[in-house]
Structure formats: C-alpha cells, structure tokens
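Contents: one structure, followed by commentary.
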Amino acid sequence: MRRFLLTVLILFSMAAVYAGEGNAELIFLDKRIFRVPDVKSGDVVEKIVRIKNVGAVDLNILNYKPSCNCTKVELPQTLGPGQTGQIRIITNTVGKQGENTITVLFDANTSQRDYVIRIVLDIVP
1 MRRFLLTVLI LFSMAAVYAG EGNAELIFLD KRIFRVPDVK SGDVVEKIVR
51 IKNVGAVDLN ILNYKPSCNC TKVELPQTLG PGQTGQIRII TNTVGKQGEN
101 TITVLFDANT SQRDYVIRIV LDIVP
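Written as structure tokens, this is what we have:
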C-alpha cells in the first residue's frame with residue numbers, strides 16, 4: 001500500500017511540474033468577422049479586435065498576412081501572461097466597388113497556431 005501511495009504522490013508531483021510549463025493561449029475579446037455596409041469607394045475603414053493571452057507564458061505573434069496591399073495591420077508582437085492587446089486593421093477602399101472581403105491571417109505560439117480575421121465591405125460608388 002505504501003508503495004502505491006508513493007507512486008501516486010510521485011506522479012502527481014511530476015504532473016504539477018509539467019503543468020507549470022504551460023503554453024500561450026489566445027482568446028478574442030471581440031468578434032472576428034465584421035460586415036461593414038454602405039462604405040463609399042475611397043473611404044478608409046478601421047476595425048480593432050481586442051485579444052488576450054490567457055496562457056502561462058508569453059504569446060508571440062509569429063507572422064501575419066493581409067489579403068491585399070490595401071490593408072495595413074498593427075498588432076503587438078508579444079503579450080505576457082494575462083495581458084490584453086489589440087489588432088488594428090486599416091483598409092483603403094480606393095478603386096473598389098461591391099462586396100469585398102478582406103482577411104488577415106496570422107499565427108502565434110499557441111496550440112491553435114493559425115487565426116483569421118475577416119472584414120466584409122459593401123462598397124458603393
């Protein structure tokens with residue numbers, strides 16, 4: 001019986017040590033899909049998406065890519081555990097008409113890795 005209890009105690013101790021290592025985990029505090037109606041061609045549209053690191057280690061945004069050159073992205077490279085930040089997406093609609101979908105793909109050192117933010121613009125002349 002003592003041997004069994006000792007084995008269980010060792011296993012729980014090892015689990016506690018490994019649980020302390022943790023991962024970065026990202027949650028979105030805002031929605032990730034936006035629909036913006038009645039945008040005039042030539043207008044600049046800006047959306048801000050708030051994010052939070054709910055993990056135990058630093059969250060690093062490793063790479064990001066907007067779907068077109070008309071879009072600029074500003075975001076934090078690193079968020080410490082418990083920190084919040086924001087992703088700012090700025091799109092210029094010059095020369096565009098109709099429904100346009102802008103996506104921003106990015107990856108981070110989280111278990112999910114890849115994330116997408118999508119903005120659907122209804123652009124009128």
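The numbers in the sequence shown follow the numbering used here, run straight up by one, and end at 125.
Don't be surprised by glycine CBs; every beta carbon is placed ideally from N, CA and C.
This structure is a prediction, so every number in the text was calculated from the model and none was measured.
Assigned secondary structure, Arg88 (DSSP; H/G/I helix, E/B strand, else coil):
strand
Applying the criterion that 16 or more other CB atoms from any shown protein chain within 10 Å of the CB defines a buried residue, is Asn23 buried or exposed?
exposed
Assuming the contact rule is C-beta atoms closer than 8 Å, Thr101 and Arg88 should be a hit. Round their C-beta distance to whole Å, please.
So it is not a contact: roughly 19 Å between Cβ atoms.
Taking the C-alpha atoms as reference points, what is the distance between Glu99 and Phe34?
13 Å
Same chain, Cβ closer than 6 Å to Pro76, five either side skipped, listed in chain order
Gly85
For the candidate residues Cys68, Gly95, Thr103, whose alpha-carbon lies nearest to that of Pro125?
Gly95
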